[in-house]
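What the sequence shown shows, in numbering that gives the first Met the number 0, is residues 0 to 482, in sequence order.
Have a look at the structure below, then the notes.
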Amino acid sequence: MPTASTWKAADYGVLALGLALTFGLHLVGLSAVPGLHFDEAWAMNFAWSLRDQPITVHAMSPYTAPWAHYWALLWMKVFGPSLFAFRASQLFLSLVGFCFLADGLRRINQPRAGAGLFVVVALLPGLVINGRFGIELNGLHPFCLGLMAWALITRRPWLSAVAFFVATTGHILFYAVGLGLLGAAIWEGYAFSRRERAAAITALLALAFFFTQVLRLVPEKGKAAALFASALVLTGLLLARAERWRLWRWIWWDTLALFLSVPFWFNAFFFAEGSWGLAISTGKEAWKGWGALGLGLFLPFAVWFSFQGARELPRLARRSLTLIVIGLGLMMLKPAPRYFEVAITLIAVFLAIGIAKRRLPIRALLTAGLLLHALPIYADYFSLLPREKEFRFLAFKDSSRDFLSKQSLAYVLGGLGCGVADMSLSDSRVAESLRALSLSAEPSTRACALKDLRVERRGANFQLPGGREPDGAAADFIYWGNP
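Okay, structure coming up:
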């Protein structure tokens, strides 16, 4: 392992600047309602309901344990059940995870990259926008990823195993991280110590037991059975010391893995750029016009310097990251930023290393390039969030882009100071978002109750005030008062 390096005064200055930028971008307007998605609203409501319930190990599904929900409950008990407290609880986990990654980079003799990591994070709009909302409580994954990396670097295999178990049971998608790390170690012929092998086997057996409980509770047995079988197979390979087999030494394995990872890496880079996050938060399709030019310039830039940064890591690390991205992509084929949180985090690490290896003038130019790309996206993001205060009705269409409908509806009602006492909705996804606002301790979201709220359906030719058309062939219209 490379000798740990110390940060110099200039590195501490860059670190302080990056922390200030990252915290500022995440915290400004964090309690603004736009972006309140059904999954986030459900998680907030569920977390608050845990205060009156017996301890449970199941959240939204049998695949999900409520570790992050209990963490959010603690924050809401201290600061009140507000949207700010709920989202801040997840941001705290995410930012602490980046702190672990920054210190880990310092410990593998990449101090400049570790110090600059937060600057890169702040200049990746996709990562910042995705991290501002607690959808599926995705703060747990950056936290556990950073903790796992730091624990492995500092030779604490049992801590890494605990992080792997907690994150995987918190959201099944993290299982790909452990599979990628262990699979790459076997592929590389890594010489496991006794403690490392015991910790890995214990984590896999604990997950196998967890998957048996999932298998018992879910009607669709195929996915749970595959997860259970994979944990047992990997346990068997570790017990058989499969890292010594010559099967894994074939050269074409690297080519095959790289080929399989390309489409998933493309999704991760696309989401990191930020146009998609801007679109689902504001409704502006930022990849049109000048935005398309920015996207076209960002992708090759990010890919090239991420590739340069990855080359600075040992081959075992590169193989691990390739397998992790393949696993993430195969486990969740639906392309959405929240499912690529780990992959985008890895891109930030690669970019930080790739930029840090350059001379100071080149580093300054590269950072300025990222800044010039990020500024218009952030300007649109913070200025285009809906600000209508006088809506009497608005369109709602539950589709693959249901962020737009929830953020519009929730913002308008929250801005008018409306809660949800004495009302009913035929669409539970809308009601869940409104219910989350009703329990908020923030005055703007609990000042009054909605009256006479109803849902009607209109055709595609109906127009909103100002000539705007609803998104989609048909839309549900939420009315209140006297439309």
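For every residue, glycine included, the Cβ atom is placed at its ideal position computed from N, Cα and C.
Shown here for A101: same chain residues with a beta carbon closer than 6 angstroms to its own, the five before and five after excluded, namely G113, L116 in chain order.
Here DSSP, grouped into helix, strand and coil, assigns A335 to coil. In the displayed model, F191 falls within coil according to three-state DSSP, outside both helix and strand. Distances from the alpha-carbon of V348 to those of R358, A271, Y338 put A271 closest.
Straight across, the Cα-Cα distance linking I354 with A175 is about 28 angstroms. The Cβ atoms of A223 and F208 do not sit closer than 8 angstroms to each other. In the three-state reduction of the DSSP assignment, F99 falls in the helix class, which pools H, G and I.
Of the candidates L298, R86, L312, the residue whose Cα lies closest to the Cα of L26 is R86. The beta-carbon separation of I346 and S305, rounded to 6 angstroms, stays under the 8 angstroms limit for a contact. A224 carries a helical assignment under DSSP once its states are collapsed to helix, strand and coil. Counting only runs of at least 3 residues, the stretch 31 to 115 fully encloses no beta strand (DSSP E) element at all. L322 and G179 do touch by the CB rule: their CB atoms are close to 4 angstroms apart, below 8 angstroms.
DSSP places I323 in the uninterrupted alpha helix (DSSP H) bounded by 314 to 330.
With contacts defined as CB atoms closer than 8 angstroms, H170 and T63 qualify as a contacting pair.
With respect to the 8 angstroms criterion, V13 and V77 are not classified as neighbours on the basis of their beta carbons. A distance below 7 angstroms between beta-carbons, with the five flanking residues on each side excluded, links F99 to the following residues of its chain, in chain order: G145, L146, A148, W149.
In this chain, the alpha helix (DSSP H) harbouring L24 covers 8 to 26. Taking a C-beta distance under 8 angstroms as the contact criterion, I325 and A256 qualify as a contact pair. Inter-segment contact for the stretch 147 to 166 and the stretch 189 to 202 is present: three or more beta-carbon pairs are separated by less than 8 angstroms. If you ignore the 5 residues before and after V127, its C-beta comes within less than 6 angstroms of the C-beta of L24, all in its own chain and listed in chain order.
About 6 angstroms separates the beta carbons of Y189 and L315, which is inside the 8 angstroms limit, making them a contact pair.
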